[in-house]
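See below for the structure under consideration.
Protein chains: 2
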Amino acid sequence: MPEVRFEKISPADFFYRNRDIAGFSSPARSLYMSIRELVENSLDAAEVGKITPSIIVELSCEGNSDEGVDIYRLKVEDNGIGVAPEHIPKAFATVFYGSKYGYKQSRGTFGLGGTMALLYGQITTNRPATVISSTGGKEIHRFVLMIDIVKNEPKVFEHEVIENKNRWRGTIVEFHLEADYSASKAKIIQYFAHTAMANPYASIMFIDPKGRLYYYPRVTTEVPEPPKEALPHPVGVDVETMSRLLATARDRSMLSFLMNNFQKVGEKTAREVLQLAEIPEDKNPRKLSHEEVTRLVDAIKRYGKFRAPDPSSLSPIGKNLLEVGIRNMLNPDFLYVVQRPPSSYSGYPFVVEVGLAYGGSIPVSDTIQLYRFANKIPLLYDERADVSWKVASERIDWSTYKVRFPAPIAIVTHICSPKIPYKTVGKEAIADRPEIERELVAALREAARALRLYLSKVEKREIAKRKLDIYARYLPLIAKYSAELADRKKPPSIDKLLKSLGIDEKMVEEAKKKALEKLQELYAE
Amino acid sequence: MPEVRFEKISPADFFYRNRDIAGFSSPARSLYMSIRELVENSLDAAEVGKITPSIIVELSCEGNSDEGVDIYRLKVEDNGIGVAPEHIPKAFATVFYGSKYGYKQSRGTFGLGGTMALLYGQITTNRPATVISSTGGKEIHRFVLMIDIVKNEPKVFEHEVIENKNRWRGTIVEFHLEADYSASKAKIIQYFAHTAMANPYASIMFIDPKGRLYYYPRVTTEVPEPPKEALPHPVGVDVETMSRLLATARDRSMLSFLMNNFQKVGEKTAREVLQLAEIPEDKNPRKLSHEEVTRLVDAIKRYGKFRAPDPSSLSPIGKNLLEVGIRNMLNPDFLYVVQRPPSSYSGYPFVVEVGLAYGGSIPVSDTIQLYRFANKIPLLYDERADVSWKVASERIDWSTYKVRFPAPIAIVTHICSPKIPYKTVGKEAIADRPEIERELVAALREAARALRLYLSKVEKREIAKRKLDIYARYLPLIAKYSAELADRKKPPSIDKLLKSLGIDEKMVEEAKKKALEKLQELYAE
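Pasting the structure below:
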């Protein structure tokens, strides 16, 4: 038998060997991913301090080639809360080290994205990255660093402390990477435009390698309340999470443990759950057996009477903003926006927002135009792998809503949650968790019913218009001929008759004009 | 400013918090994933020892519910090479610990899949898993274990050593998990059927929760040579890999380093590369500066004259086997199979095989039926995110190949490589690495040209047939009427005439029959 070698590798090494799973597959997509990860870190860094974000992204080409794959320099500057110097090296050069593992909504979820961008730059150019940051105090810290991939640790080459005379606050990240701007430009610009739409309180500036400026000024200075950390909702909390909560609990009894460590659990609920689990109310939380933990989690699953999770940890886009955004983007004839009530999966609350638009500048197509957002960031790749696509294309029978393809139909979905169940580390497609799928279906059905009503009206109007066209075309002729037959000089007025058919003046005028044009054509022949 | 907390988490904790990215999103898909991961480990464990794999998968329901989400017991048994006892706990209960990080083709790539299945079972049922294994020696080892998620370490509850009287060799993994068999049954059966197709030397048995047996016997006992470990191909090797190779090199000069550590690099090539990199041939490999490493990697990229990578580390399905498999599966009217010559990306060789099928039992559809395989395993989820889908639907303009949708067209793709660039940890979609995309496009174009030829012939035949139909319908009538007009009792023979039109007897008979039917219909009216 062959000898089998075993080894253990570090997370940095894992992602180095498998960078495709973090979205860094081609020079084009890697550039898009790098920009995305750093911009999203910047947005988070501003929002957490309730600062209106100002982000400047600068991309320049270091090589000679005019297009295609080349070495680029990427610099992202923000006015966020900054990173304390003792955390800078690890935050930017250690995989799975981050500030983002709390129970609140944020764009980054993995403590991975920024480091991954730097890692990609390092392996394609072998040059160190520069990170400059200040929390607004007396000092600005500048680090030049690389990632020790085997050890998953930072290698710091330079650390400079600069006097912060102007009390600047923020972070600047600058590094080199192999990229392909011409192949990713469209996606990058779309990313900035959509991000600006979902974050109207942010100012975003992008200077591209040709020196072109893309500027998205802030539309409002009102920053939403930063998402709060919240207690977990009991529904869906699994044994592992429960064991961790129990292990660190300071409560003396299970009754107070349940009431103090979960949202929406009052005394009555706690009592009933413990009864269902056959666990005494005064039991010490740290002394639960393996068996009892399983019973408790099982009882919570079966209980079924919890109130909906607290949405205060969520920051949805909001119906108004979504409506304005979609109108700007698509200028549709019909638009219906739904915000579903908060729901939860695996103990995480989430809110689904959906906009359904029809007509206007939406292109007529055999498929639905889908615009996806998650925690206010646009998702532009891997659309067909996303739960929104699944729901829009498989779960809704559009023919029952009077939509006949090809049709000018667009759907905008936004899912916000302290934890988006992404399918990929690259954060491009959301998994079809049954709870999320259910909410999307409900939202889309509601919107689709409104669309059906609209399309029925359009249909009726069209039928009426067709009738009117016929009336308008022939009634004047009939009137004229009748007058001639009756030897009267003036044909009788038919306006009243038309009105009695339920046709208003504007429609009459329009139809008349059309009919006249037709008549003129006829006479001209 | 708010205080920001930083923390570092273990890989096990990362995947616990983000199990969707490993494909464990719903109880249905998690069951499919668990079966997949364990079956693929089993196939690898047999093939590495050149053993004809015999795999038995047993799934039983522990709960009362007849369908839907419930607790299931999953047991996978193989006759592979077994795992040495000192490695069992870590191999099954540590993330990123595995035997699979060598440079050869295998199904598992992450040292993650099996552990992930057990992790999923643990967090949904809180029960330990049982692993029984023997390398065929005197002892069988039985472990009962769980994963310490925070520490990414195994927790062993029991370790039993059993006398191996019959010299049994193999591995049995058994654990409980929350699953939904009724919702995943179709995919699971499809997975087994396609796996059997691509691995005809394997015997696979699946006993489902209702006691139904799905048995795929081996069709051949010829096991392919186990994939060998090979030296990396220089094209695409990045700075990190180069630095690691240099650090552990035993060669005294750069010239011998290049010749001994890469495939397809002879003395001449090595000389030319070093000249291009401006590195002396006798330089000590362990004394290269940062700058020089970058120059070396850059020179390799620019060199452009390397021979194709060695395909001996690859194990493609093969044209014949692929053809037989596709015929069995789809029974098409047209089939063209292409095996591309080996190519490479990032230093990894790969081979693309493509089958293009048309007609037969392929359903007529607006889209192409796509069957994807990677290293002989079927990929059943996230089709639209895969490079094969991109190439088939976006890169090929089917209308230039005379394909008019809806059409009965199917494509089978197989990519084999020591390292498949999966987009997801769940190994369902392959990234669009430019090199792989290029090979797929080339293969599909070749097949599509053959299809165009076939469709042209069919088209010509159809036109000829339509003409024939007309001749066959009217010539007998004309003959009959002419005979009547000429007062002859028997119409003249028209067989010769028909033949002179280039129409053979079979076609004549067919057309006559059709024409007669038509005439009978006419007379009946």
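Those protein sequences? They're chains A and B, same order as listed. Numbering follows this note's numbering, in which position 330 of the first sequence is assigned residue number 345; successive positions increment by one, without gaps. Numbering follows this note's numbering, in which position 92 of the second sequence is assigned residue number 107; successive positions increment by one, without gaps. We treat Cβ as the ideally placed atom computed from N, Cα and C, and that holds for glycine.
Practice problem: Measure the beta-carbon distance from residue 389 (chain B) to residue 435 (chain B) and round it to whole angstroms, keeping in mind my assumption that it falls under 8 Å. | Solution: 5 Å
Self-check item: Other residues of its chain near residue 367 (chain B): CB distance less than 6 Å, five sequence neighbours each side excluded
Solution: Cβ within range, chain order: 355, 430, 454, 455 and 458.
Quiz item: Can you tell me where the alpha helix (DSSP H) with residue 209 (chain A) in it begins and where it stops?
Solution: Bounds of the alpha helix (DSSP H) holding residue 209 (chain A) are 196 to 213.
Quiz item: Would you call the region 415 to 423 of chain B and the region 368 to 380 of chain B touching, i.e. three or more CB-CB distances under 8 Å?
Solution: yes
Quiz item: For the 8 Å Cβ check, are there 3 or more pairs between the region 146 to 155 of chain A and the region 179 to 198 of chain A?
Solution: yes
Self-check item: Opposing strand residues paired with residue 105 (chain B) [DSSP bridges]
Solution: Answer is none; residue 105 (chain B) lacks a bridge partner.
Quiz item: Would residue 359 (chain B) pass as a contact of residue 450 (chain B) if the rule is Cβ separation under 8 Å?
Solution: yes
Quiz item: In chain B, what lies closer than 7 Å to residue 399 (chain A) by C-beta?
Solution: 399 and 400
Quiz item: Since residue 362 (chain B) and residue 254 (chain B) are thought to touch, with beta carbons under 8 Å apart, how far apart are those beta carbons, to the nearest angstrom?
Solution: Between residue 254 (chain B) and residue 362 (chain B) the Cβ distance is about 12 Å, and since that is not below 8 Å, they are no contact.
Quiz prompt | Below-8 Å beta-carbon distance, residue 362 (chain B) vs any chain A residue | solution = Chain A contact via Cβ: absent.
Self-check item: Neighbouring residues, chain B, relative to residue 437 (chain A) (Cβ below 8 Å)
Solution: 33, 35 and 36
Self-check item: Inter-stretch contact at 8 Å, needing at least 3 Cβ pairs: the region 333 to 348 of chain A / the region 391 to 411 of chain A
Solution: no
Quiz item: How about residue 390 (chain A): is its C-beta nearer than 8 Å to some C-beta of chain B?
Solution: Judged by the 8 Å Cβ criterion, residue 390 (chain A) is not in contact with chain B.
Practice problem: Please compile the residues from chain B whose C-beta is within a distance smaller than 8 Å of the C-beta of residue 382 (chain A). | Solution: Ordered by position in chain B, no residue passes the 8 Å Cβ test against residue 382 (chain A), which lies about 10 Å from the chain.
Quiz prompt | is_contact[residue 113 (chain B), chain A] using C-beta, thresh 8 Å | solution = Using a Cβ-Cβ cut-off of 8 Å, residue 113 (chain B) counts as an interface residue toward chain A, since at least one Cβ of chain A sits closer than that to its own.
Quiz item: residue 155 (chain B) CB to nearest chain A CB: under 8 Å?
Solution: no
Quiz prompt | Residues from the region 363 to 379 of chain B in contact with chain A, defined by Cβ distance under 9 Å | solution = none
Quiz item: Do we get a CB-CB distance below 8 Å when we pair residue 23 (chain B) with the residues of chain A?
Solution: yes
Quiz item: chain B partners of residue 446 (chain A), CB-CB under 7 Å?
Solution: 35 and 40
Quiz item: Straight-line CA distance for residue 214 (chain B) to residue 221 (chain B)?
Solution: 16 Å
Self-check item: Beta-carbon contacts of residue 298 (chain B) that lie in its chain and below 6 Å, excluding the five residues immediately before and after
Solution: 269
Quiz item: Which of helix, strand or coil does DSSP assign to residue 248 (chain A)?
Solution: coil
Exercise. In angstroms with no decimal places, state the Cα-to-Cα distance between residue 284 (chain A) and residue 113 (chain A).
Key: Those two C-alpha atoms are separated by around 35 Å.
Exercise. Less than 8 Å between the CB atoms is what I'm expecting for residue 133 (chain A) and residue 162 (chain A), so what's the real figure, rounded?
Key: 6 Å
Practice problem: Would you tell me roughly how many angstroms separate the C-alpha atoms of residue 116 (chain B) and residue 203 (chain A), rounded to the nearest one? | Solution: Low confidence applies here, because residue 116 (chain B) scores a pLDDT of 43, under 50, leaving its location unreliable; read the following figure in that light. Cα-Cα distance, rounded: 35 Å.
Quiz item: Could you give the distance in angstroms between the alpha-carbon of residue 1 (chain B) and the alpha-carbon of residue 462 (chain B)?
Solution: The question about residue 1 (chain B) has no answer, for chain B in this structure spans 16 to 540.
Self-check item: Backbone CA spacing between residue 238 (chain A) and residue 231 (chain A) [nearest angstrom]
Solution: 16 Å
Quiz item: Should the region 164 to 181 of chain A be regarded as contacting the region 96 to 111 of chain A, the criterion being three or more beta carbon pairs within less than 8 Å?
Solution: yes
Quiz prompt | residue 440 (chain B) and residue 36 (chain B) closer than 8 Å at C-beta | solution = yes
Practice problem: Report, in whole angstroms, the separation of the C-beta atoms of residue 57 (chain B) and residue 70 (chain B), which I expect to be a contact under 8 Å. | Solution: Between residue 70 (chain B) and residue 57 (chain B) the Cβ distance is about 5 Å, and since that is below 8 Å, they are a contact.
Self-check item: Bounding residues of the beta strand (DSSP E) (the contiguous stretch that carries residue 89 (chain B))
Solution: 84 to 93
Quiz item: What is the C-beta distance between residue 111 (chain B) and residue 111 (chain A), in whole angstroms, given that I count them as a contact (C-beta under 8 Å)?
Solution: With a Cβ gap of about 11 Å, residue 111 (chain B) and residue 111 (chain A) do not count as contacting.
Quiz item: So is residue 477 (chain A) buried or exposed if we call it buried at 16+ other beta carbons inside 10 Å?
Solution: exposed
Quiz item: Would you report the Cα separation of residue 61 (chain A) and residue 98 (chain A), rounded to the nearest angstrom?
Solution: 11 Å
Quiz item: Is residue 241 (chain A) near residue 63 (chain A), with beta carbons less than 8 Å apart?
Solution: yes
Practice problem: Locate the beta strand (DSSP E) running through residue 169 (chain B), then write down its first and last residues. | Solution: Where residue 169 (chain B) is concerned, the enclosing beta strand (DSSP E) starts and stops at 168 to 178.
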